[in-house]
Each structure stands twice: as structure tokens, then as C-alpha cells.
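So that you can map any letter, position 197 of the sequence shown is 197 in the UniProt record's numbering, and since no number is skipped, the others follow by simple counting. No residue lacks a Cβ here, since even glycine has one placed at the ideal position from N, Cα and C. Here the structure is a predicted model, which is why all the values come from computation and not from measurement.
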Amino acid sequence: MSSLDTKQMAAIVEGMAKKIEAEKEYLTELDNEIGDGDHGINLARGFEAVEKKLPSLAGGDIGALLKGVGMQLVSTVGGASGPLYGTAFMKAGMACKGLTEIDGPAFVKAMEAAVDGIKMRGKATEGEKTMLDALCPALKVLQDDVTAGKSLKEALQDAAQAAEKGVEYTKTIIATKGRASYLGERSLGHQDPGATSSLYLLQVLAEMA
Ligand code: ADP
Ligand code: MG
Ligand code: MG
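This is how it looks when you write it as C-alpha cells:
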């Protein structure tokens, strides 16, 4: 599909909640290795709260929907990832203010706002072994594909593949942000939990768009 309306976006958010719930234990296992073992639990709690709120959020525009999702995540996820994912959805929502349908270029703007929000909030950049190592390469591919005239779905599929490579890349680098940074070189060889959850969210987008 080349665009998404509010109902489709709400269905995608529900899909994200289901995926996070399904992967909760694996994400927590990854966080056990280089963090405090709560990433899956944190996110699943947040997305469960989002799911409950969805019916009341799905009646308006996409901006209001995403902003509501972000606010819910901020107040329920906790940890480092709560404010980061929350900010991402809230910023994406602001970029979609008043829109009841978004096409490729509008989606790119929303994702740019989301990634910028995460960078600012976490004072991090690519290469620090965080969710940004999945999201930044995904955004780059999304921008290129949409500029080249590919459909939003195709662009999202390519973006998810780029994120997958990004997750692999996190195994090869030392964490310099978040809890994993306390481990220094001992973080090498481990896959970042936040990059992995970001990959899952992008995979749901690619599948359902
Ligand atoms: P906490 O570390 O507080 O327990 P979570 O376990 O929920 O929080 O989330 C950990 C994930 O958050 C990491 O795997 C990493 O991807 C991400 N993260 C941590 N700090 C930052 C940051 N400053 N910028 C971007 N992402 C970060
Ligand atoms: Mg943790
Ligand atoms: Mg924690």
C-alpha cells in the first residue's frame, strides 16, 4: 500500500503490542546479558497499556493516535527505553498533526522526527550500541526508497532489512550509552535489546503497511 489511514495505523500499533508480548522473554534474556533483564517486561507492560487505550485513540487523526501512544508509553514503560520510545511516538505524532492519511513522504517525516527525538532525548548517536543502530540505517533506506518512488510498503520492507543488519552490527561494537556501557568491552558479542525491539516494531510496520 502507498498510504496508511488512522484505522490501519491503529491496527499496526496493535500488531506491535502483540509482537512485543510474543518476544517479551527473548528481549528480557538479551537485556539479562548486558543490562538488568527488564527490557521485554518494560515494553510489554507499556504496549499492554497502549492496547487498552487504542479504542479511544483510533477515532481521531494519526497525529493524535501516535501522540497518545507515546504518552502512554512514557507513563508505563519506565527504564531508559520508556522515555525514548515515548518521545519517538510523540514526535511522530506531532509530525502527523491533523492528518487522517499518510503517504511515503509523510511517513518519512514522521520517522525523521521520531529518530531525532530519540537522539536528542538520549544524547546518543549511531554506533553506541542502542536502538539507534537499528533505527538510523532503517530511516536512511526509507528516505532513499521513498525519494526513488518506491511504495511505502516496499520502503518499509527494505527498512526492516536494514534494521536487521543494524542489530547484527550491535554485536560487534562496545556500548557507550545506557546500562550496557557499564560493561565496557564485555558488552562485545552481545546483541542490543533495544535495537532488537526496534527491529520488531519495524518488521510489524513492513508486514502490515
Ligand atoms: P533500562 O536500561 O533502564 O533497564 P531498558 O532495558 O528498557 O531500560 O532499555 C534498554 C535499551 O535502551 C538498550 O538496549 C538501548 O537500546 C536503549 N538505550 C539505553 N540508553 C539509550 C540512549 N541514551 N539512547 C538510545 N537508546 C538507549
Ligand atoms: Mg533494562
Ligand atoms: Mg531497568
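Nearest candidate by alpha-carbon position, reference residue i, set the options
i, options, result
"Leu65", "Val74, Leu142 and Lys53", "Lys53"
"Val115", "Thr100, Thr28, Asp133 and Glu51", "Asp133"
"Ser198", "Lys150, Gly117 and Ala163", "Ala163"
"Pro55", "Gln8, Gly127, Gly104 and Gln191", "Gln8"
"Gly86", "Gly59, Phe47, Phe107 and Lys97", "Phe47"
"Arg179", "Thr130, Val77, Ala110 and Gly98", "Thr130"
"Arg186", "Gly194, Thr176 and Ala10", "Thr176"
"Leu183", "Lys18, Thr76 and Asn32", "Asn32"
"Gln161", "Leu201, Lys123, Thr125 and Thr76", "Leu201"
"Pro83", "Ser181, Leu43, Leu152 and Glu154", "Leu43"
"Leu139", "Ala110, Thr76 and Ala124", "Ala110"
"Glu25", "Thr196, Glu207 and Ala206", "Thr196"
"Val50", "Lys18, Leu99 and Ala95", "Lys18"
"Ile118", "Ala88, Pro137 and Pro193", "Ala88"
"Leu188", "Gln203, Leu30, Ile20 and Ala95", "Leu30"
"Leu135", "Pro193, Cys96 and Asp38", "Pro193"
Outcome for residue i when other beta-carbon atoms lying within 10 angstroms are tallied against a minimum of 16
i, result
"Glu23", "buried"
"Met120", "exposed"
"Gly149", "exposed"
"Asp145", "buried"
"Asp36", "exposed"
"Lys67", "buried"
"Lys91", "buried"
"Arg45", "buried"
"Thr147", "exposed"
"Gly59", "exposed"
"Ser75", "exposed"
"Thr170", "buried"
"Gly93", "buried"
"Thr125", "exposed"
"Gly79", "buried"
"Gly98", "exposed"
Near ligand 4: residue i beta-carbon under 7 Å from a heavy atom
i, result
"Thr130", "Questions concerning ligand 4 fall outside what the structure shown contains, since the ligands it does hold are ligand 1, ligand 2 and ligand 3."
Expected contact under 8 Å - CB spacing of residue i and residue j to nearest Å
i, j, result
"Ser3", "Ile102", "6 Å"
"Gly127", "Ile173", "6 Å"
"His190", "Ile12", "Wrong, their Cβ atoms sit about 29 Å apart, outside the cutoff."
"Leu142", "Val108", "6 Å"
"Thr28", "Gly15", "Actually they are not in contact, since the Cβ atoms of Thr28 and Gly15 sit about 20 Å apart, beyond 8 Å."
"Ala159", "Gly104", "So it is not a contact: roughly 11 Å between Cβ atoms."
"Ala206", "Gln157", "5 Å"
"Leu57", "Ala10", "7 Å"
Cutoff 8 Å: residue i Cβ touching any chain C Cβ
i, result
"Ser81", "Protein chains in the displayed structure number just one, and chain C is not present."
Ligand 2: which residues have Cβ under 5 Å from any of its heavy atoms, chain order?
Cβ atoms closer than 5 Å to ligand 2 belong to Asp31, Gly35, Asp36, Asp38 and His39.
Complete runs of the alpha helix (DSSP H) confined to the segment 91 to 179 [at least 4 residues]
Taking only runs of at least 4 residues, the alpha helix (DSSP H) segments lying wholly in the segment 91 to 179 are 104 to 122, 132 to 147 and 152 to 170.
Curious, which full-length alpha helix (DSSP H) runs of at least 4 residues does the segment 45 to 89 contain?
Contiguous alpha helix (DSSP H) elements confined to the segment 45 to 89 occur at 62 to 76, taking only those with 4 or more residues.
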